[in-house]
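Some notes on the structure that comes next.
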Amino acid sequence: MSTSSFLVGWFVRVSCLTFVLVGCCSSRRPSRTPTDAHYWVTWLEERALSYHLR
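In UniProt numbering, the protein residues as written are 1 to 54.
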């Protein structure tokens, strides 16, 4: 396993956690927050998968 792929995976995990935490902490609109967080996590995972499959 190369260092770059490890760093990319780590960065994606941290980004997902950050998006979820920010979404949960700023839950002024609770009905929208889970959907937004789920959308961003899904988007980031798709980015990571397409990057790894290249």
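The C-beta atom is built at its ideal place from N, Cα and C for all residues, glycine as well.
Computed from a prediction, not measured in an experiment: that's the story for all the values here.
Between the C-alpha atoms of Val12 and Glu45 there is a straight-line separation of about 8 Å. The alpha-carbon separation between Thr3 and Trp10 amounts to approximately 10 Å. Here DSSP, grouped into helix, strand and coil, assigns Ser4 to helix. The criterion of a C-beta distance shorter than 9 Å is not satisfied by Ala48 and Val20.
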